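With this note's numbering applied, the sequence shown corresponds to residues 16 to 180, in that order.
Presented below is the structure to which this report refers.
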Amino acid sequence: MPPELVTIINEVYTPSELYISEFITETESKEYNACQFKLNHHRILYRKAKTTPKKVGQFVTCWKRNNEGITEPLHESDAIDLYMITTQNGNQSGQFIFPKIILLQKGIIGTDQKEGKRGFRVYPPWDTTSSKQAIKTQQWQLQYFYNMDQDSNSHIIQNLLAKPH
């Protein structure tokens, strides 16, 4: 289990009466600590975002391999409820908890009519960008962010988990 996820379990999930079951480490995307699990009744796809040297924000993958071994974006038919992305920068850390429906609306998860994305950037609150597109993206993303350094109330994480899937 990824070490940052163990920390979140101990500091956030367990005190909030949220429990992990059916944990599976994914063989693909190891550099993103890729795994799947259930958090109470929610089916979770998990990644740790990576800082890249030339752009603000952090990058995360969101693809799978099909039966032919070719990478393809996640699809609305995939059995996930939430996509959790842990982000860290020095002593700052937090977690994006995106409902599947939001990622569908943003074109990140695909449909039969439109292909999704294989990766995207996340912008935690400590990232400052001047790009209009990145600012717009950060604004919607922060509605689904839990700041590990500031948000000690379990109701915040419960509210994020309760948003429509």
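C-beta atoms are modelled at their ideal positions from N, C-alpha and C, and glycine is treated no differently.
Keep in mind it's a predicted model, so treat the numbers as computed, not measured.
- Taking Glu-37 as the centre and dropping the five residues before and after it, the same chain places the C-beta of Phe-52 and Lys-53 closer than 7 Å to its C-beta, in chain order.
- Inclusion of Gly-72 and Tyr-159 in the CB contact set at 7 Å is not warranted, their separation being larger than that value.
- Taken in chain order, the whole alpha helix (DSSP H) runs of length 4 or more contained in the segment 91-162 are 115-120 and 147-156.
- Between Met-99 and Gln-110, the CB-CB gap stays under 7 Å.
- Collapsing the DSSP output to three states places Leu-54 in a strand.
- Between Cys-50 and Glu-41, the gap from beta carbon to beta carbon is short of 7 Å.
- Contact between Phe-74 and Leu-97 fails: their C-beta atoms lie close to 19 Å from each other, not under 8 Å.
- Between Ile-95 and Lys-115, the CB-CB gap stays under 7 Å.
- When DSSP states are grouped into helix, strand and coil, Ile-39 belongs to the strand group.
- According to DSSP, residue pairing for Tyr-61 in a beta bridge involves Cys-50 and Met-99.
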